[in-house]
Amino acid sequence: MNNTQLVLIDILRSFATDYSQKPNIEGVDTQALFKLSKKHSVIGIVAHILDKFDLFESEEVRAKFMHEYDRTVMNMLSREASAMSISAQLRSLSIKHILFKGMMVSAAYPIPYLRTYGDADIVIPKQDVEKLRDYMKSKGYEHSLADAGVVNVFKKNKEHYEFHKNLNVSNLTDKSYFEKLWENVTSRDEYTYEFEHNFHLCYLITHLEKHVYGSGAGLRMYLDIALYIKKYSESLDLLKVRDDLSSMGLGTFFNTVLYICNKWFAFPAPDWVVPLEDEVYNNMCDFTFSGGVFGDQSAEKIAENALRHNMSTGKKNARVRFFLERIFPPFSELERMYPRYSGKPLLVPAAWVNHIFHFFKDKKYGRVKVITSANTTEAQIKKKFLESIGSVH
2 MNNTQLVLID ILRSFATDYS QKPNIEGVDT QALFKLSKKH SVIGIVAHIL
52 DKFDLFESEE VRAKFMHEYD RTVMNMLSRE ASAMSISAQL RSLSIKHILF
102 KGMMVSAAYP IPYLRTYGDA DIVIPKQDVE KLRDYMKSKG YEHSLADAGV
152 VNVFKKNKEH YEFHKNLNVS NLTDKSYFEK LWENVTSRDE YTYEFEHNFH
202 LCYLITHLEK HVYGSGAGLR MYLDIALYIK KYSESLDLLK VRDDLSSMGL
252 GTFFNTVLYI CNKWFAFPAP DWVVPLEDEV YNNMCDFTFS GGVFGDQSAE
302 KIAENALRHN MSTGKKNARV RFFLERIFPP FSELERMYPR YSGKPLLVPA
352 AWVNHIFHFF KDKKYGRVKV ITSANTTEAQ IKKKFLESIG SVH
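Be aware that the sequence shown starts at 2, since it is given in our numbering, and climbs by one per residue.
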């Protein structure tokens, strides 16, 4: 890691350990620190720590960081108000719902409004999805589908809500654990719920691994885990979480996450956590810092990651199959891109024709070059790295 990266981790460690030590920012380039903090969506935390320990080199630098701090606070207070408002509206519609992910993780932060999130994630029963769609559309929200049709997305101005009818855990060897989501909740009131902490932690680890396997995951997602475990340590059973994740094929990955949380944020890892080999740890650091909060999402990397996924199946002609899947996507992807075909699998041929038409009409054929030039060698290197940290599909 370079000096800027080391300083950023040192600052986040101070935040995670209740300001137990003053961060060492000697020799840091504040402009580089500013950019890296924004890239990993922790600029509010960094500004807070620098201000608390009076580490700004000038009033100009202070003003620049504190402007981002104020913006973070205002944005997240607005997000929280919106989340509480939509929850109240669901109660008025007699729709049971589970609040999870960002808005619940923020409660584990020493200063909740410094944990940024862009949308409110909510689970509702499948039978209430149609009622919800009608209601949200009547309120002027734009509707779309995501995550293979599992998530109904509603947007209006700066409001962004994602309603899940179940938890998309297609990356697991055993998905039965998350099928019992309504059996693992605690009640806030008659209609509002949150996940029991062991269950939610299992999901957060699974969700993190999904990002790691895809485009990647930045510092904030690991900080989430460290702070969540610290906040709810008395009600968490990490051995049970380990066993549950192991049954889903993520036991080694959980070990990796706990080790990383210990190294970066002084999280007191259980004695059964196995240290990563130096090479694997260094690769993990490079991988985490190579992108932003959700990794490297450039068109080239997305193509390379998709090619790697095809290669992982062991079937031949991975590049050809990869290309054909982009021209003739599976029905789940068609539902996401074109919601009018949702629930109508017999219309797949018509959906493909529509997809190909827009492929040329919107001049997306430039992506063909990206697809056909995806680096097989890089894909194989990343595949080997992911296997070393327990991210195996």
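The C-beta atom is built at its ideal place from N, Cα and C for all residues, glycine as well.
Just so you know, these numbers come straight off a predicted model, no measurement behind them.
For the alpha helix (DSSP H) containing His41, list its first residue and its last residue.
Looking at the DSSP string, His41 is not in any alpha helix (DSSP H), and its letter there is neither H nor E.
When you compare the region 73-87 with the region 121-128, are there three or more beta-carbon pairs, one atom per stretch, that lie closer than 8 Å?
They touch, by the three-pair rule.
Rounded to whole angstroms, what's the CA-CA distance from Phe155 to Gly141? Just pull it up for me.
Answer to the nearest angstrom: the Cα atoms are 9 Å apart.
Using alpha carbons as the reference points, say which of Phe288, Glu326, Gly219 lies closest to Val294.
For the residues Phe288, Glu326, Gly219, the minimum Cα distance to Val294 belongs to Gly219.
According to DSSP, Ile123 sits in a beta bridge with which residue or residues?
In DSSP, Ile123 forms a bridge with Leu100, Phe164.
How do the region 277-284 and the region 204-221 stand: do at least 3 beta-carbon pairs fall below 8 Å, yes or no?
Taking 8 Å as the limit for Cβ pairs, the verdict is that the region 204-221 does not touch the region 277-284.
Rounded to the nearest angstrom, what separates Thr187 and Phe196 at their Cα positions?
Thr187 and Phe196: Cα-Cα distance of roughly 6 Å.
Determine the burial state of Ala84: buried for a count of at least 16 other Cβ atoms within 10 Å of its Cβ, exposed for fewer.
Label assigned to Ala84: buried.
Can you confirm whether Tyr162, when its beta carbon is compared against all beta carbons of chain B, has any partner nearer than 8 Å?
The structure shown contains no chain B; it holds only a single protein chain.
For Phe290, count neighbouring C-beta atoms within 10 Å of its own C-beta (all shown protein chains included) and say buried if the count is 16 or more, exposed if not.
Its Cβ being crowded by 16 or more others within 10 Å, Phe290 is buried.
By the DSSP assignment, the beta strand (DSSP E) with Phe196 in it spans what residues?
From DSSP, the beta strand (DSSP E) with Phe196 extends over 193-196.
According to DSSP, simplified to helix, strand and coil, what is Gly293?
Of the three classes helix, strand and coil, the one that applies to Gly293 here is strand, per DSSP.
Measure the Cβ-Cβ separation of Met285 and Ile357 and say whether it is below 8 Å.
Result no, Cβ atoms of Met285 and Ile357 do not sit closer than 8 Å.
Helix or strand or just coil, what does DSSP make of Thr18?
Thr18: coil per DSSP, three-state reduction.
Mark Ile87 as exposed unless 16 or more other C-beta atoms lie within 10 angstroms of its C-beta, in which case mark it buried.
When all chains shown are included, Ile87 counts as buried.
For Met249, does the count of other Cβ atoms within 10 angstroms reach 16, so buried, or fall short, so exposed?
Burial call: buried.
Which value, in whole angstroms, describes the spacing of the CA atoms of Met137 and Lys159?
Roughly 15 Å between the two C-alpha positions.
Could you have a look at Ser188 and say whether DSSP puts it in helix, strand or coil?
Here Ser188 sits in strand by DSSP.
Mark Trp183 as exposed unless 16 or more other C-beta atoms lie within 10 angstroms of its C-beta, in which case mark it buried.
Exposed is the call here.
Taking 7 Å as the limit between beta carbons, can you name the residues of its chain near Ile261, skipping five residues before and five after?
So the qualifying residues of the chain are Tyr223, Met285.
Pair every Cβ in the region 377-387 with every Cβ in the region 234-249, then say whether three or more of these pairs are closer than 8 Å.
At 8 Å Cβ cutoff, the stretches do not touch.
Could you compute how far the alpha carbon of Tyr114 sits from the alpha carbon of His212?
Answer to the nearest angstrom: the Cα atoms are 23 Å apart.
On the three-pair Cβ rule with 8 Å, is the region 90-98 touching the region 69-77?
No, they do not touch.
Distance, Cα to Cα, Glu235 vs Lys241?
So the two alpha carbons sit approximately 14 Å from each other.
Does the region 93-112 come within contact of the region 21-38, defined as at least 3 CB pairs closer than 8 Å?
With a cut-off of 8 Å, the region 21-38 and the region 93-112 do not count as touching, because too few Cβ pairs lie within range.
Pop quiz: Arg14 and Phe266 are said to be a contact at Cβ under 8 Å. What is the actual Cβ separation, rounded to whole angstroms?
Their Cβ separation, rounded to whole angstroms, is 5 Å, which keeps Arg14 and Phe266 in contact under 8 Å.
Give every residue of the same chain whose Cβ lies closer than 6 Å to the Cβ of Asp129, excluding the five residues on either side of it in the sequence, and list them in chain order.
Taken in chain order, the residues that qualify are Ile96.
Let's test the definition: count the other Cβ atoms within 10 Å of the Cβ of Asp30 and tell me whether it reaches 16, buried, or not, exposed.
The residue in question, Asp30, is exposed, as its Cβ has fewer than 16 Cβ neighbours within 10 Å.
Exposed or buried, what is Leu347 when buried is set at 16 or more other beta-carbons lying within 10 Å of its beta-carbon?
With fewer than 16 Cβ atoms within 10 Å of its Cβ, Leu347 is classed as exposed.
With distance defined between alpha-carbon atoms, name the residue in Lys157, Glu27, Leu168, Gln32 nearest to Asp148.
Closest option to Asp148, Cα to Cα, is Leu168.
What residues match up with Val152 in a beta bridge as DSSP calls it?
Beta-bridge pairing links Val152 to Ala147, His165.
Tell me which same chain residues have a C-beta within less than 6 Å of the C-beta of Gly45, skipping the five on either side of it?
These residues qualify, in order along the chain: Tyr70, Thr73, Leu115.
Per the DSSP calculation, Lys157 is bridged to which residue(s)?
DSSP, once it has assigned bridges, lists Glu160 as partnering Lys157.
Which residues in the same chain as Lys23 place their Cβ atom closer than 6 Å to its Cβ, once the five residues preceding and following it in sequence are excluded?
Correct list, in chain order: Phe54.
Assuming the contact rule is C-beta atoms closer than 8 Å, Leu237 and Ile230 should be a hit. Round their C-beta distance to whole Å, please.
Correct: roughly 6 Å between the Cβ atoms.
Find the nearest neighbour of Ser145 within the set Arg221, Leu335, Pro350, Lys65, judged by alpha-carbon distance.
Comparing Cα-Cα distances from Ser145 to each of Arg221, Leu335, Pro350, Lys65, the minimum goes to Leu335.
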